[in-house]
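Peer 1:
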Amino acid sequence: MGRIKVLDPETVNLVAAGEVVERPASVVKELVENAFDAGATLVEVVVAGKGPETITVADNGCGIAEEDLLLAFERHATSKISSSADLERIETLGFRGEALPSIAAVSRVTLKTRVPGALGGSLVVVEGGRVVDFRPAGAPQGTTVTVDDLFYNTPARRKFLASWRTESAYLTDAVTRLALARPDVSVRLVHGGREVFRTPGTGLAAAITALYGETVAGALVPVRAEAGGMKVEGFAGRPALVRTTRRWQTLLVNGRYVKHAGLTAAVYEAYGTLLPSGKHPFFVLHLTLDPGAVDVNVHPQKLTVRFDREREVAGLVRGAVKQALFGRLNLIPGTSSSPVPPVRKVFPRPDWGGVLQRLGPSGDVEGTGTGRAAGKETGGGEPVGLDKTGFLVREEAAAYGEGFPPLTYLSFLPPSYLLASGPEGLYLVDQHAAHERVLFEEYGAALARGGVAGQLLVEPVPVESGAADVSALAGELARYGFVVEPFGEGAALLRAVPVGLGLERARLLLDDLLSCLAAGDSPAREEAALASLACHSAVRAGEPPDAREAVALIKRLAACREPFTCPHGRPTVVCFSRAELARRFGRR
Amino acid sequence: MQFIATRNNLLTALNTVLRAVPSRSPLEIATCVLVRAEGNRLKLTGTDLEMMIRCWVPAIEVNREGEAVVPARQLSEIVRRVPEGKIEVEGTGRSITLMYPGGEMKLSGFAPEEFPSFAAEDETGEGFTLGGSLRVALRSVLYAAGKDDLRPIFTGVQFELQNGVLTVAATDAHRLAVFEMATDAAASCSGIVPAKALREVERSLSQTEEQVSVNFSSSQAAFAVSDVELYTRLIEGRFPEWRQAVPQNPPRTLIRGEIGAIISAIERAQVLAYGDTPSVILKASGASLVVLSQSDMGEFRETVAVDCEGEEVEIAFNANYLLDALRATVGDSVEMGLNGNIGPAVIRGPGHPGYLALVLPLRLF
Numbered sequence: 002m003g004r005i006k007v008l009d010p011e012t013v014n015l016v017a018a019g020e021v022v023e024r025p026a027s028v029v030k031e032l033v034e035n036a037f038d039a040g041a042t043l044v045e046v047v048v049a050g051k052g053p054e055t056i057t058v059a060d061n062g063c064g065i066a067e068e069d070l071l072l073a074f075e076r077h078a079t080s081k082i083s084s085s086a087d088l089e090r091i092e093t094l095g096f097r098g099e100a101l102p103s104i105a106a107v108s109r110v111t112l113k114t115r116v117p118g119a120l121g122g123s124l125v126v127v128e129g130g131r132v133v134d135f136r137p138a139g140a141p142q143g144t145t146v147t148v149d150d151l152f153y154n155t156p157a158r159r160k161f162l163a164s165w166r167t168e169s170a171y172l173t174d175a176v177t178r179l180a181l182a183r184p185d186v187s188v189r190l191v192h193g194g195r196e197v198f199r200t201p202g203t204g205l206a207a208a209i210t211a212l213y214g215e216t217v218a219g220a221l222v223p224v225r226a227e228a229g230g231m232k233v234e235g236f237a238g239r240p241a242l243v244r245t246t247r248r249w250q251t252l253l254v255n256g257r258y259v260k261h262a263g264l265t266a267a268v269y270e271a272y273g274t275l276l277p278s279g280k281h282p283f284f285v286l287h288l289t290l291d292p293g294a295v296d297v298n299v300h301p302q303k304l305t306v307r308f309d310r311e312r313e314v315a316g317l318v319r320g321a322v323k324q325a326l327f328g329r330l331n332l333i334p335g336t337s338s339s340p341v342p343p344v345r346k347v348f349p350r351p352d353w354g355g356v357l358q359r360l361g362p363s364g365d366v367e368g369t370g371t372g373r374a375a376g377k378e379t380g381g382g383e384p385v386g387l388d389k390t391g392f393l394v395r396e397e398a399a400a401y402g403e404g405f406p407p408l409t410y411l412s413f414l415p416p417s418y419l420l421a422s423g424p425e426g427l428y429l430v431d432q433h434a435a436h437e438r439v440l441f442e443e444y445g446a447a448l449a450r451g452g453v454a455g456q457l458l459v460e461p462v463p464v465e466s467g468a469a470d471v472s473a474l475a476g477e478l479a480r481y482g483f484v485v486e487p488f489g490e491g492a493a494l495l496r497a498v499p500v501g502l503g504l505e506r507a508r509l510l511l512d513d514l515l516s517c518l519a520a521g522d523s524p525a526r527e528e529a530a531l532a533s534l535a536c537h538s539a540v541r542a543g544e545p546p547d548a549r550e551a552v553a554l555i556k557r558l559a560a561c562r563e564p565f566t567c568p569h570g571r572p573t574v575v576c577f578s579r580a581e582l583a584r585r586f587g588r589r
Numbered sequence: 145m146q147f148i149a150t151r152n153n154l155l156t157a158l159n160t161v162l163r164a165v166p167s168r169s170p171l172e173i174a175t176c177v178l179v180r181a182e183g184n185r186l187k188l189t190g191t192d193l194e195m196m197i198r199c200w201v202p203a204i205e206v207n208r209e210g211e212a213v214v215p216a217r218q219l220s221e222i223v224r225r226v227p228e229g230k231i232e233v234e235g236t237g238r239s240i241t242l243m244y245p246g247g248e249m250k251l252s253g254f255a256p257e258e259f260p261s262f263a264a265e266d267e268t269g270e271g272f273t274l275g276g277s278l279r280v281a282l283r284s285v286l287y288a289a290g291k292d293d294l295r296p297i298f299t300g301v302q303f304e305l306q307n308g309v310l311t312v313a314a315t316d317a318h319r320l321a322v323f324e325m326a327t328d329a330a331a332s333c334s335g336i337v338p339a340k341a342l343r344e345v346e347r348s349l350s351q352t353e354e355q356v357s358v359n360f361s362s363s364q365a366a367f368a369v370s371d372v373e374l375y376t377r378l379i380e381g382r383f384p385e386w387r388q389a390v391p392q393n394p395p396r397t398l399i400r401g402e403i404g405a406i407i408s409a410i411e412r413a414q415v416l417a418y419g420d421t422p423s424v425i426l427k428a429s430g431a432s433l434v435v436l437s438q439s440d441m442g443e444f445r446e447t448v449a450v451d452c453e454g455e456e457v458e459i460a461f462n463a464n465y466l467l468d469a470l471r472a473t474v475g476d477s478v479e480m481g482l483n484g485n486i487g488p489a490v491i492r493g494p495g496h497p498g499y500l501a502l503v504l505p506l507r508l509f
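Protein sequence lines correspond, in order, to chains E and R.
If you read the first sequence in my numbering, its first letter stands for residue 2, the second for the next number, and so on.
If you read the second sequence in my numbering, its first letter stands for residue 145, the second for the next number, and so on.
1. Would you tell me roughly how many angstroms separate the C-alpha atoms of residue 373 (chain R) and residue 157 (chain R), rounded to the nearest one?
2. Going along chain E in order, which residues have a C-beta closer than 9 Å to the C-beta of residue 292 (chain R)?
3. Secondary structure at residue 456 (chain E), three-state DSSP: helix, strand or coil?
4. For the beta strand (DSSP E) containing residue 445 (chain R), list its first residue and its last residue.
5. Go ahead and label residue 388 (chain R) buried or exposed: buried means 16 or more other beta carbons lie within 10 angstroms of its beta carbon, across all protein chains shown.
6. Would residue 435 (chain E) and residue 464 (chain E) be called neighbours here (beta carbons separated by less than 8 Å)?
7. Using a Cβ-Cβ distance cut-off of 8 Å, determine whether residue 386 (chain R) contacts chain E.
8. What distance in whole Å lies between the Cβ atoms of residue 478 (chain E) and residue 514 (chain E), which are believed to be in contact at a cut-off of 8 Å?
9. Looking at the secondary structure, which residues open and close the beta strand (DSSP E) in which residue 24 (chain E) lies?
10. When the Cα atoms are used, what is the spatial distance from residue 407 (chain E) to residue 580 (chain E)?
11. For the beta strand (DSSP E) that contains residue 586 (chain E), what are its first and last residues?
12. In whole angstroms, what is the alpha-carbon distance linking residue 275 (chain E) and residue 262 (chain E)?
13. Taking the alpha-carbon of residue 251 (chain R) as reference, which of R:258, R:259, R:257 and R:242 has the nearest alpha-carbon?
14. Please name the residue in E:483, E:488 and E:509 whose C-alpha comes closest to that of residue 500 (chain E).
15. If you draw a straight line from the C-alpha of residue 277 (chain R) to the C-alpha of residue 344 (chain R), how long is it?
16. Since residue 300 (chain R) contacts residue 326 (chain R) with CB under 8 Å, what's their CB separation in whole angstroms?
17. Does the Cβ of residue 509 (chain R) have 16 or more other Cβ atoms within 10 Å, making it buried, or fewer, making it exposed?
18. Measure the alpha-carbon distance for residue 259 (chain E) versus residue 564 (chain E) and round it to whole angstroms.
19. Run down chain E in chain order and give the residues with a C-beta less than 7 Å from the C-beta of residue 315 (chain R).
20. Can you find a CB in chain E that lies within less than 8 Å of the CB of residue 444 (chain R)?
21. Residues in the same chain with beta-carbon distance under 8 Å from residue 174 (chain R), minus the five sequence neighbours each way, listed in chain order, please.
22. So is residue 450 (chain E) in contact with chain R if we call contact Cβ pairs under 8 Å?
23. The segment 564 to 583 of chain E: which residues have C-beta closer than 7 Å to a C-beta of chain R, in chain order?
24. Would you mind telling me which residues of chain E sit closer than 8 Å to residue 462 (chain R), beta carbon to beta carbon, in chain order?
25. Near residue 162 (chain R), which residues of its chain fall below 7 Å by C-beta distance, leaving aside the five closest residues on each side in sequence?
26. Measuring alpha carbon to alpha carbon, tell me which residue in R:417, R:290 and R:337 is nearest residue 366 (chain R).
27. For a quick check, are the C-beta atoms of residue 310 (chain R) and residue 281 (chain R) less than 8 Å apart?
28. Would you kindly work out how many angstroms separate the C-alpha atoms of residue 384 (chain E) and residue 25 (chain E), rounded to a whole number?
29. Check each candidate in E:40, E:150 and E:273 and name the one with the smallest Cα separation from residue 49 (chain E).
30. Can you tell me which of the three DSSP states residue 487 (chain E) falls into?
31. Counting only the same chain and skipping the five closest in sequence on each side, list residues whose C-beta sits under 7 Å from that of residue 533 (chain E).
32. Which residue wins for smallest C-alpha separation from residue 255 (chain E), given the options E:245, E:169 and E:231?
33. Kindly indicate if chain R contains any beta-carbon less than 8 Å away from that of residue 497 (chain E).
34. In whole angstroms, what is the alpha-carbon distance linking residue 394 (chain R) and residue 436 (chain R)?
35. Since residue 223 (chain E) is in the beta strand (DSSP E), which residue starts that stretch and which ends it?
36. Are residue 162 (chain E) and residue 173 (chain E) closer than 8 Å when you measure CB to CB?
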């Protein structure tokens, strides 16, 4: 007798369910996505018990007609697509027809539903994939699915679930992403009798406020760009909002939460030197593009997507975030997030046309403080175009740094701070960080022209070169202003140093550069070398500038492309607003 | 201690020694001044432990000799603010009482024994006197000394006396200034004196025509000009071998011109140069020197009439370095020898014998 057998349908269901229903969070995700696809405007997720004893997802969507109800629990039964051609243009979140049967295969599911207009609803109870009850019953409009005893019949899966604390964190995380994905739907999560959050369903800004709080919402800049039939909209965190984990990043493609390394990298590139090392930006970005240009059917969980034109998509995202960060905005920590009003407009009218309108009715947004602040900023972003080759057109240099406020130098605060007055109050400029930024850009420009000028020395200085091959690196070092000749084993003769650098600092820099340049051909090495050059050349803390130097430094900083942070991502300027000062003095 | 002195004498002495007193110091007593009444004179001393300035002024009467250590800034502030006239000071070691018509002020300080001493006073070394021309020597080189504390040797001035010839040299590694002069002194000595101390010597010399007594020992130097004595530690280390850097051959290009005209042209060129290193380009050919500068803001070009011999050359400099060297040149005319576009510029003044400045060029892209 042969040993290979066709599995019985029950086992097949359990195996297949494993792919879709990995943990309680996946159950919630599938059910909420079904609710979204049913056109619900209100979705409520209730989790009860100390373990995942009962999960209820209720919506006010279109419901399921009685005659379809049992079919819904059949594998690969769906109302969302009807042929393979539809797979090319998927516009719903679900389409595989796997969710309900998979969940029902590993738990006890009670489904109550009523289609709008019908007098009565129906109720069906499925246990381990078997229908145990099916009868007409009273039900509110929409669908309510209650899942009990998840994984009761797959003890192995149950055993390998993480602690309930971890599982419930996954669950909260999943509902958060879903709420961000559909800011036009009011999503409520109740956990152990306590409301975790409730988004108002009035747009992304309001959803972010509800999910992450006012502080986060107040520190965001709107992102918006459109090109070649693609659109990216959402919010990115100001550099002050950087986080130590990537948990605060949400990328949504056609309303679906996905993970995509290429697009995430594009956002990081846009931040560039605004990010301190080891820190991660906050962002919620909605990418909308032709469903035909993106493949979501890579994995049953649909976390992975593929793009037809990934380079263009990444370029659009990078450009949009960059524009948002460096456009007309003022990224100084402590200032309000509204951009400095353009000089010619006395009272700029908030532009409501952007994100908010697109992502949901803006009716109630004006009432919420952060919503308003965030809304104003949408005036700042302008669409970034793509040139004929499909690569991102470099943004106009003039657009950079426009948000830098006009500052008037007041005084020096030892060891390193320049005090200045400006539109919002008192500004503190870190002279080292500011000078570093200025030099970083000046040296960068010099490098682009050919090289940094070198100052020849009265007396050549012997320096240790360690293991580095000086004669091989001499050409490259010359671009950074060093003239170095080999001088026997492990030594070199220094004949010129970068301008503006004392001999001793130049020697320290040379050590840095040698290790930096010897590190090989990584694209980041030029940036690292430049940052090192700027850092060594910049004025130190504790060296008080005279007033003229201070004024000149602020002016040069204002002219920078990215004036708000030093090349290592630390802020160059912070602000103590008049409002904050008033608060501290108890005037308010 | 009890004495009476004029407010003006006291103030002069205080202002002089205050130049050595740090405004803040981890050693609080270093921010004080030591006041001593002795014979019919007052002796004030201030120090930052690297350098010490002592000033003698006459008193109207000294009734009881003695000394006190009191905060320097406060003492000078009060003396500056009291009306002109007599001030009577009475002190008992740790504090003094200062009395002027209508008022008095008591200042507390430290015990005089705790005041940091400066060994140079007793140390014997080579002593000699120099004429007031030391001032010219110092003015010719001090500008070239560096400010980079990371490399103390560059913050000093090499001071050498040999066979009656005094040579002072200063460099910050990018430029060099040297001045040589004949003296009557028979002694010989050598050391690196902090430029900061020599600036004070130069300042004292600017107020008098008198001779300077110099005393060099292995670790310290002392300069005495009339009523002011200055002691300083010497900087240890090897001073750059600048003689090797001075080209021995005749320059490949020699420019002779009027200092004022060249300085003005470079100053105008500097208007466009910005950033930390303002660079100017010199183009020498035939009878003209073309001064060029360029930046994002625009371009500058000026032709200065000069005598020019030798190769044509185009060379870039830090405008500030060139201006410093030219401004220190005494007289109307200057000779500038160039040695290709990476060799040093050698600046001499026919009206300024003994002066030599080296400015190293920039390598531009």
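Glycine included, every Cβ here is placed at the ideal spot set by N, Cα and C.
Peer 2: Considering the structure as presented:
1. 11 Å
2. 503, 504, 505 and 506
3. strand
4. 442 to 449
5. exposed
6. no
7. yes
8. 7 Å
9. Neither: residue 24 (chain E) is in no beta strand (DSSP E) and is coded neither H nor E.
10. 19 Å
11. Segment: none, residue 586 (chain E) is in no beta strand (DSSP E) and carries neither H nor E.
12. 20 Å
13. R:242
14. E:483
15. 15 Å
16. Not quite, the Cβ-Cβ distance comes to about 23 Å (not below 8 Å), so this is no contact.
17. exposed
18. 33 Å
19. 459
20. no
21. 165, 166, 191, 192, 193 and 260
22. yes
23. none
24. 456 and 500
25. 190, 216 and 220
26. R:337
27. yes
28. Residue placement at residue 384 (chain E) cannot be trusted, given a pLDDT of 36 that sits under 50; the coordinates are not used to answer.
29. E:150
30. strand
31. 510, 513, 514 and 517
32. E:231
33. yes
34. 26 Å
35. 221 to 228
36. no
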